[in-house]
Amino acid sequence: MIFFQLFLIFSKIGIVGFGGGYAMLSLIQDDVVTKEGWLSAAEFTDIVAVSQMTPGPLGINMATYVGYTSVLNAGYPPAMAFLGSLLATFSILWLPFILMMLVSRFLLKHKDSPLLKSVFGALRPTVVGLVAAAAMVLMTAENFGTPDTSFTQFIVSLSLFAIAFIAVFRFRVSPLLILALAGCFGMVFYSFVPA
Numbered sequence: 007m008i009f010f011q012l013f014l015i016f017s018k019i020g021i022v023g024f025g026g027g028y029a030m031l032s033l034i035q036d037d038v039v040t041k042e043g044w045l046s047a048a049e050f051t052d053i054v055a056v057s058q059m060t061p062g063p064l065g066i067n068m069a070t071y072v073g074y075t076s077v078l079n080a081g082y083p084p085a086m087a088f089l090g091s092l093l094a095t096f097s098i099l100w101l102p103f104i105l106m107m108l109v110s111r112f113l114l115k116h117k118d119s120p121l122l123k124s125v126f127g128a129l130r131p132t133v134v135g136l137v138a139a140a141a142m143v144l145m146t147a148e149n150f151g152t153p154d155t156s157f158t159q160f161i162v163s164l165s166l167f168a169i170a171f172i173a174v175f176r177f178r179v180s181p182l183l184i185l186a187l188a189g190c191f192g193m194v195f196y197s198f199v200p201a
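Residues 7 to 201 in my numbering are what the sequence shown lists, from first letter to last.
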């Protein structure tokens with residue numbers, strides 16, 4: 007049954023995941039963490055971080071990990087968990103692949119059509135909304151702390167977020183530089199202040 011659920015969930019996420027991996031995050035979080043309970047919120051946050059350090063698209067990395075972990079946690083042996091990871095990865099890809107094969111010729115033929123341009127114009131705010139939802143999904147106690155558990159960690163996390171946001175969007179500082187600086191600051195800060 008878990009294999010069928012993996013197939014349905016990741017097929018659904020794949021077909022509506024316009025905008026890439028970040029746009030899929032809120033959909034994956036809703037199904038995998040909230041509805042099915044295959045991952046905890048902390049595990050979800052961890053796999054998002056790990057997915058950023060490994061090669062490949064975020065959505066595919068998430069599907070592969072969730073497929074493996076959910077089948078393994080359901081009591082199946084590692085060989086079956088490997089099949090679960092393959093199934094989830096295939097499921098997130100097969101419908102978008104077929105859809106793109108079917109519509110690519112049409113899109114190339116009518117790329118200058120005002121109707122097509124207006125459809126893509128309407129999709130842009132949708133993609134921005136999905137990416138914003140992904141940002142909200144990642145604003146959790148695991149990432150920022152809470153004022154109740156560690157007020158210092160909470161304030162430092164919010165401050166780093168605000169500084170990074172302003173640096174990237176207002177002053178056009180490279181996101182890679184921001185990540186490196188935030189990582190260095192975090193290593194220094196948390197070596198002196200416990201989390």
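Even glycine gets a Cβ: it sits at the ideal position worked out from N, Cα and C.
With contacts defined as CB atoms closer than 8 Å, G65 and M30 qualify as a contacting pair. Note that the C-beta distance between G26 and I98 is not below 8 Å.
Cβ-Cβ distances below 7 Å link S32 to L136, A139, A140 and V143 in the same chain, with the five nearest sequence neighbours on each side left out; the list follows chain order.
In the DSSP annotation of this structure, L45 is not part of any alpha helix (DSSP H), being labelled neither H nor E. Excluding residues up to 5 positions away in sequence, I15 lie with their Cβ nearer than 6 Å to the Cβ of D37 in the same chain. Judged by their CB atoms, I8 and A80 are nearer to each other than the 8 Å cut-off. A straight line joining the alpha-carbon of V39 with that of T51 spans about 11 Å. Per DSSP, the unbroken alpha helix (DSSP H) holding Q11 starts and ends at I8 to V22. Rounded to whole angstroms, H116 and L129 show a C-alpha spacing of 17 Å. The DSSP-derived three-state label of T60 is coil. In this chain, the alpha helix (DSSP H) harbouring F150 covers A147 to F150. Judged by beta-carbon spacing, N67 lies beyond the 8 Å limit of T75, meaning their Cβ atoms are not closer than that value.
Annotation: L101 to S110 spans about 14 Å, alpha carbon to alpha carbon. A contact is defined here as three or more CB-CB pairs under 8 Å, and the segment 182–193 fails this definition with respect to the segment 144–154. Assignment of alpha helix (DSSP H) within the segment 109–166, counting only whole runs of 4 or more residues, yields 120–144 and 147–150 in chain order.
Closest in C-alpha terms to F10, from the list G151, A94, G62 and F88, comes A94. In the three-state scheme derived from DSSP, where H, G and I count as helix and E and B as strand, Y28 is classed as helix. Membership of P181 in the alpha helix (DSSP H) is indicated by the continuous run P181 to F198. Residue environment for A69: buried (at least 16 other C-beta atoms within 10 angstroms of its C-beta).
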